[in-house]
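Protein chains in written order, with this note's numbering: chain A, 1 to 234; chain B, 235 to 468. These notes are about the structure you will find just below.
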DNA sequence: TATTGTATACTTGTATTCAAGTCAATGTAC
DNA sequence: GTACATTGACTTGAATACAAGTATACAATA
C-alpha cells in the first residue's frame, strides 16, 4: 500500500521516526488525499506496535494532514483550497517579514551575509541542475532548501518551523502543479531576481518578487483542481 | 501539586481534555517553569491512565512547553528569552499583516465591520471592568479575546491558530509582568487607539500602534527576569 | 418485497503490562 | 577514607490487552 518506508538510525523514538515517514509519504502523494488508512496498517508496515504509530498519527492529526473518524478509521486529508489560501497567506506574511529583516540589516562587508549569498547562489546552481531530469520532488526539495536558507538567516528557529509547517499544506499542490505545468525555469528566475534584489538592498523589489513568487500557488491550484478533482475539497 | 483540574463534558477524547487542562495549568503558572513532573502524577491527578496523559504530554512537548528527559521525567519548560523574542516576531508579523488586510477592506457601511466594531468596543468595556479587581489572568483573557476578534475578522483560521500557539510562549511573561508592573490602563488605551485607527482607516497608524503594543513584552521580560530568575533560561 | 433486528468483524480509545534506561543509596574491596 | 560495583526503586518507551462504537451482511418478520 505504501512504499519507501525505512527506519533510519539515531536516538529518535519510534513515534518520531514514524511521524517523519508517514508525513513524507503524505506530502509526496504516495498516500493519496482522501485515501482511507488504519493504524494497524502502519503498524504492520513499519513493524512496530500501534502505540508509536498512534503518537505519529495524533501529531499529523493536529497538523490537519490526517482526519480521524472515531471507531471508523482515518483518511489522508483532502487538499482544501481554503486551507491552501490560509497557509499561503501566513507563509507570505512571515517570509516577507523575514526578507525585510534581512534587507534592512544587509551589509555586504559582513562575512555572514557573504556566506548567505554564496549558499543561495550555490543552491541556484543545484536548482538548474535538477531541472534537467525533471523530477518534481527533487526540485521541490531544492526550492525548499533555498527558502530555508533565507529564513534561517534571521536566526528565528520558530519562524522557520512555522513556515515549514505551513509548507506541509502547500507541498501537494505544488507537486501536482509542477507535474502539470512545468514552469520551473520561471521559478528559478524569480529566485535569481530575489537574490539580485537582496544584493542591491532593494527592499520593495525583494518583497514584491517574493509575494508574487509565493502567490503562484493560488493560481496553480485552479488548474490541478480540475485535473485531480478527487484530491480536493471546498 | 496542581489544582484546578476538572474534566468537562463533551465528545472530546480524554487525551484532548488532558491537553487543555495541563496546558492551562502551565500558562497560568500553577505549574512552575522548571518544575519536574511525571506522567503518573497527571495520571492519578486526572484519574485516567497513562495513555491519554501521554498523548497530551507529547503534544505539549511538540509545542515546546514541556521538556522530556527520557527515563528521567519531564520538566515544565523554562521561559526562554530567545523563544519569547522569536514568537513575538512571528506574532507581530502576522497580526500586522492581518490588520493591514482589515484596514484595506474596511468599509464602514458593511454590517460585518459594524459588528466587528461593536464587538471590539464591547470587549474594551469588559477590559475596563476587569481592571478594577486587578486579576491578571482575567485581564489576559480579555486581552486575548480582543486580539482574537481582530484576527478572526479576516477569516483565516490557520492564522488564528498559529498566533494562539505563539501566545503560549508569551503568556507567562505577560502574566508575571502584569503582576509586577500594572500598566493595564496603558494597554487598554492602546487597544482604544488601535480601534480609532481602524475606524479612520489609518493603516500606518494602526500598524505602528500594534507593533509597539506587541513589542512591550520585549521590555517587560527584562524586569520579570530579574524578579524570577529561576523561571528563565538563556 | 421491503424493513427491521441482530450477529459479527472491523475500527479507534483507553488501560495495563512489559522492557529498558537512570540515578541514588549501599556495600565492598583496596 | 576512597573508588567502584551492585542493587533497587524510580522513570519513560513500547507492546499488548481490553472496551466500546460503527458498518455491513444477513436472517426474521411484516
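No residue lacks a Cβ here, since even glycine has one placed at the ideal position from N, Cα and C. Quick caveat, the model's predicted, so the values are computed rather than measured.
- In summary, residue 446 of chain B is exposed, with fewer than 16 beta-carbon neighbours lying within 10 Å of its beta-carbon over all protein chains present.
- Identification of chain A residues near residue 252 of chain B by a Cβ-Cβ cut-off of 8 Å yields none; the smallest Cβ-Cβ distance measures about 12 Å.
- Contact check for residue 299 of chain B against residue 260 of chain B passes: the beta carbons are separated by less than 8 Å.
- In the structure shown, the three-state DSSP call for residue 241 of chain B is coil.
- Given a length threshold of 3 residues, each whole run of the beta strand (DSSP E) inside the stretch 70-115 of chain A is given here in chain order: 73-76.
- For a Cβ distance threshold of 8 Å, residue set 392 of chain B lies close to residue 83 of chain A, ordered along the chain.
- Where residue 273 of chain B is concerned, the enclosing alpha helix (DSSP H) starts and stops at 273-280.
- Excluding five sequence positions before and after residue 130 of chain A, the CB atoms of its chain that fall closer than 6 Å to its own CB belong to 138, 139 and 142, given in chain order.
- Closer than 7 Å at the C-beta level to chain B, one finds these residues of the stretch 148-178 of chain A: 156, 157, 158, 159 and 162.
- Contacts with chain B at 8 Å (Cβ-Cβ) include residue 90 of chain A.
- Between residue 37 of chain A and residue 46 of chain A the beta-carbon gap is near 12 Å, outside 8 Å, which marks them as no contact.
- For residue 274 of chain B, same chain residues with a beta-carbon under 8 Å away, outside a window of 5 residues either side, are 284 in chain order.
- With a minimum length of 4 residues, the unbroken runs of alpha helix (DSSP H) contained wholly in the stretch 384-463 of chain B fall at 391-414, 418-433 and 437-461.
- If you draw a straight line from the Cα of residue 33 of chain A to the Cα of residue 390 of chain B, it is about 22 Å long.
- Listed along the chain, the chain B residues whose CB falls inside 7 Å of the CB of residue 87 of chain A are 392.
- In the DSSP secondary-structure assignment, residue 232 of chain A is bridged to A:79.
- Of A:90, A:180, A:198 and A:148, the smallest CA-CA separation from residue 223 of chain A is found for A:180.
- By the 16-neighbour rule on beta-carbons within 10 angstroms, residue 328 of chain B is buried.
- Straight through space, the alpha carbons of residue 19 of chain A and residue 433 of chain B are spaced by roughly 46 Å.
- Taking the Cα positions, residue 379 of chain B is about 23 Å away from residue 341 of chain B.
- Within chain A, the residues whose beta carbon sits less than 8 Å from that of residue 292 of chain B are 15, 55, 58 and 59, listed in sequence order.
- As the crow flies, the alpha-carbon of residue 384 of chain B is around 22 Å from that of residue 407 of chain B.
- A direct Cα-Cα distance of roughly 8 Å separates residue 195 of chain A from residue 206 of chain A.
- Around the beta carbon of residue 418 of chain B, 16 or more other beta carbons sit within 10 angstroms, so the residue counts as buried.
- Per the Cβ contact rule, the stretch 82-97 of chain A is in contact with the stretch 392-401 of chain B (3 or more Cβ pairs under 8 Å).
- Counted as a single uninterrupted DSSP element, the alpha helix (DSSP H) harbouring residue 285 of chain B occupies residues 284-296.
- Counting the other CB atoms within 10 Å of its CB gives residue 15 of chain A a total of 16 or more, which places it among the buried residues.
- In terms of beta-carbon proximity, residue 296 of chain B lines the interface with chain A, with at least one pair separated by less than 8 Å.
- For residue 93 of chain A, the closest Cβ of chain B is nearer than 8 Å.
- For the stretch 94-110 of chain A, the residues whose beta carbon sits under 7 Å from a beta carbon of chain B are, in order, 94 and 97.
- DSSP places residue 251 of chain B inside the alpha helix (DSSP H), whose first and last residues are 248-261.
- Closest option to residue 22 of chain A, judged by alpha-carbon separation, among A:163, A:133, A:123 and A:168: A:168.
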